[in-house]
Amino acid sequence: MAHGPTQTISDNPGHTASWYAASALDRRVRPLLQGETQADVCVIGAGFTGISAALELSERGYSVAVLEAERIGFGASGRNGGQIVNGYSRDLKTIAGRYGQGKAAQLGDMSLEGGAIIRRRVAKYAINCDLRDGGFFAAFTDKQMREMEAHKRDWEKYGHPGLDMVSRQEVGRYVATERYAGGMIDRLGGHIHPLNLVLGEAAAVESLGGRIFERSRVIGMDQGARAVVRTADGSVSARYVLICGNAYLGPQFPEISGRMMPVSSQVLTTEPLDAALAEALLPADYCVEDANYILDYYRRTADNRILYGGGIGYGGRDPSDIPAVIRPNMLKTFPQLADVKIDHAWSGNFALTLTRIPHIGRLSPTVYFSHGDSGHGVTTTHLLGKILGEAVAGHAGRFDIWSSLPNLTFPGGKTFRVPLTVLGAWWYGMRDRLGL
Ligand SMILES: Cc1cc2nc3c(=O)[nH]c(=O)nc-3n(C[C@H](O)[C@H](O)[C@H](O)COP(=O)(O)OP(=O)(O)OC[C@H]3O[C@@H](n4cnc5c(N)ncnc54)[C@H](O)[C@@H]3O)c2cc1C
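Taking the numbering used here, the leading residue of the sequence shown gets 1, the next gets one more, and so forth.
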């Protein structure tokens with residue numbers, strides 16, 4: 001039986017051939033920027049970060065022009081696992097160890113806000129994005145269980161009320177597999193159709209008067225009293241510019257792109273399953289991610305597919321055959337799916353920073369940027385986009401907390417950063433395989 005994806009060409013032009021693009025509810029193509037125009041704020045990139053900032057600013061009454069090189073949600077925001085994971089890519093204990101207790105407390109105070117922003121906007125703008133509550137972190141070993149218990153205690157100090165440990169015997173309430181030693185649930189986690197979320201948020205920006213231009217790649221910027229942001233066919237003159245291109249940002253802003261590394265991750269979806277089977281595999285309809293360094297993440301979709309992700313490509317490289325990499329992992333978790341067809345398989349790039357902490361700052365007093373959510377960005381991008389908007393509006397307190405965190409360049413420069421990071425990841429992956 002053939003297991004390769006049945007859909008490899010997107011019927012939603014400009015998007016990668018994903019299940020998300022195939023099931024997007026809003027397929028309107030926005031105009032490309034032609035000629036000169038003006039706005040209070042020009043946002044570069046229509047992913048979660050850029051659209052979150054644009055929505056915050058539109059709600060505050062600013063005029064906003066968003067320039068997107070491809071389509072809204074073309075990047076990681078329209079292709080990810082859809083998991084609402086609270087917190088950051090480094091836990092608060094590590095953050096406290098590195099930057100001090102004070103910084104950890106400040107970041108801890110914000111660590112549940114990204115998820116709350118998503119839920120608030122979904123409700124306020126009636127966004128249909130299949131929002132479900134609840135996430136399960138799966139442990140393979142007793143060591144990972146102990147780490148989760150410590151993580152839970154630490155998180156509760158910062159006021160997280162939704163965590164509970166799950167014993168080996170209780171795993172079946174969340175996922176029908178023999179693989180795990182236990183885990184932890186986060187009731188404030190959850191999952192969404194990410195492309196429909198960002199499309200809904202973009203429509204909210206437009207409903208407030210904001211303008212979004214697609215197929216309008218920024219190719220340069222001139223800075224004077226007002227910045228002039230240029231595309232091939234037009235320009236936006238703006239008081240403020242927010243650079244939110246993340247892993248897809250081209251060479252135009254080397255000060256930013258030099259401090260992150262694009263990393264790819266791969267995802268597939270099965271054909272729609274019988275509803276009873278889908279429910280039997282994931283009875284609580286929570287999303288799941290495991291505790292390995294190179295992790296698997298998966299969930300049910302609203303039309304009863306299993307959406308399964310994992311794998312990693314430093315430098316943004318993709319395997320030539322995505323199902324060949326991801327499907328065996330899925331079958332280790334769910335051998336029950338051996339005869340099920342794979343309908344879609346795709347990959348996307350997120351931006352990794354050396355510290356695994358997002359990098360947010362200013363290139364000049366009026367040009368701000370944010371990138372580098374390092375793989376856990378659904379919530380953080382919503383938070384940091386809002387914080388970019390607050391800073392433009394003159395409330396830079398939270399922006400300053402984030403921008404004061406040190407950001408380091410990758411050792412090895414552009415030539416050796418990928419092999420050195422692969423070496424580090426190999427080491428941690430090996431420890432996971434050996435159960436160390
Ligand atoms: C496969 C995959 C699975 C993931 N799963 C999860 C998950 O389950 N949970 C989670 O929390 N996180 C997950 N992440 C991470 C998360 O998706 C990202 O952190 C987040 O979406 C980044 O959003 P962003 O807006 O910063 O960047 P992006 O969504 O990548 O948006 C950047 C946009 O900028 C545009 N752009 C770039 N350069 C220019 C330019 N010069 N001019 C105009 N436009 C430009 C791009 O076209 C793109 O649309 C995953 C990432 C990937 C790749």
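A virtual CB, placed ideally from N, CA and C, is assigned to each residue, including glycine.
Predicted, not measured: the structure shown is a model, and the values here were computed from it.
- Under the DSSP assignment, Pro251 falls outside any alpha helix (DSSP H); it carries neither an H nor an E label.
- DSSP, read as helix, strand or coil, puts Met148 in helix.
- Residue environment: Gly50 is assigned as buried (16 or more neighbouring CB atoms within 10 Å of its CB, all protein chains considered).
- Distance from the CA of Asp339 to the CA of Glu59, rounded to the nearest whole angstrom, comes to 49 Å.
- Closest by C-alpha distance to Ala275, out of Gly377, Cys244, Arg300 and Leu112, is Arg300.
- If you ignore the 5 residues before and after Gly14, its C-beta comes within less than 8 Å of the C-beta of Val29, Glu70, Arg71, Phe74, Glu214 and Arg215, all in its own chain and listed in chain order.
- Residue environment for His160: buried (at least 16 other C-beta atoms within 10 angstroms of its C-beta).
- Arg27 and Ala181 have their C-alpha atoms some 43 Å from each other.
- Residue environment analysis places Thr409 among the exposed positions, since fewer than 16 neighbouring C-beta atoms fall within 10 angstroms of its C-beta.
- Pairwise C-beta distances place the stretch 251-265 out of contact with the stretch 135-149, as fewer than three of them are shorter than 8 Å.
- At least 7 Å separates the beta-carbon of Ile95 from that of Val378.
- In the three-state reduction of the DSSP assignment, Val288 falls in the strand class, which pools E and B.
- Between Gly45 and Gly245, the CB-CB gap stays under 7 Å.
- Between Arg187 and Gly100, the C-beta spacing is not below 7 Å.
- Excluding the 5 residues flanking it on each side, Ala302 has same chain C-beta neighbours closer than 8 Å at Asp130 and His193, in chain order.
- Gly190 sits away from His382, with the two beta carbons spaced by 7 Å or more.
- Taking 7 Å as the cut-off, the beta carbon of Phe48 is found closer than this to the beta carbon of Val198.
- Taking 7 Å as the cut-off, the Cβ atoms of Leu57 and Val41 count as close.
- About 22 Å separates the Cβ atoms of Thr269 and Arg317, ruling out a contact at the 8 Å cut-off.
- Where Thr177 is concerned, there is no enclosing alpha helix (DSSP H), because DSSP gives it neither an H nor an E.
- Boundaries of the alpha helix (DSSP H) harbouring Ser207: Pro194 to Ser207, taken from the DSSP string.
- Taking a cut-off of 8 Å for Cβ pairs, the stretch 342-352 and the stretch 231-242 do not touch, as fewer than three such pairs fall below it.
- Using a Cβ distance threshold of 7 Å, Tyr297 and Gly81 count as a contacting pair.
- DSSP places Leu354 in the coil class of the three-state scheme, outside both helix and strand.
- About 5 Å separates the Cβ atoms of Ala54 and Val64, confirming a contact at the 8 Å cut-off.
- In the DSSP assignment, the residues bridged to Phe137 are Met184 and Glu289.
- Not a single heavy atom of ligand 1 lies less than 6 Å from the C-beta of Thr366.
- Ranked by Cα distance from Ile357, the options Pro5, Gln34 and Arg90 are led by Arg90.
- Around the beta carbon of Ala150, fewer than 16 other beta carbons sit within 10 angstroms, so the residue counts as exposed.
- Its Cα nearest to that of Glu36, the residue Ala227 stands out among Asn196, Phe137 and Ala227.
- Residue range Ile322 to Thr333 is occupied by the alpha helix (DSSP H) that includes Ala324, with no beta strand (DSSP E) assigned at that position.
- Sixteen is the threshold: since fewer than 16 other Cβ atoms of the shown chains lie within 10 Å of the Cβ of Leu25, the residue is exposed.
- Residues Asp296 and Gly310 of the same chain have their beta carbon placed closer than 6 Å to that of Asn329, with the five preceding and five following residues left out of the count.
- The DSSP-derived three-state label of Ala39 is strand.
- Residue side-chain check: Gln223 keeps its Cβ at 6 Å or more from all non-hydrogen atoms of ligand 1.
- Look at Asn246 here: in three-state DSSP terms it is helix.
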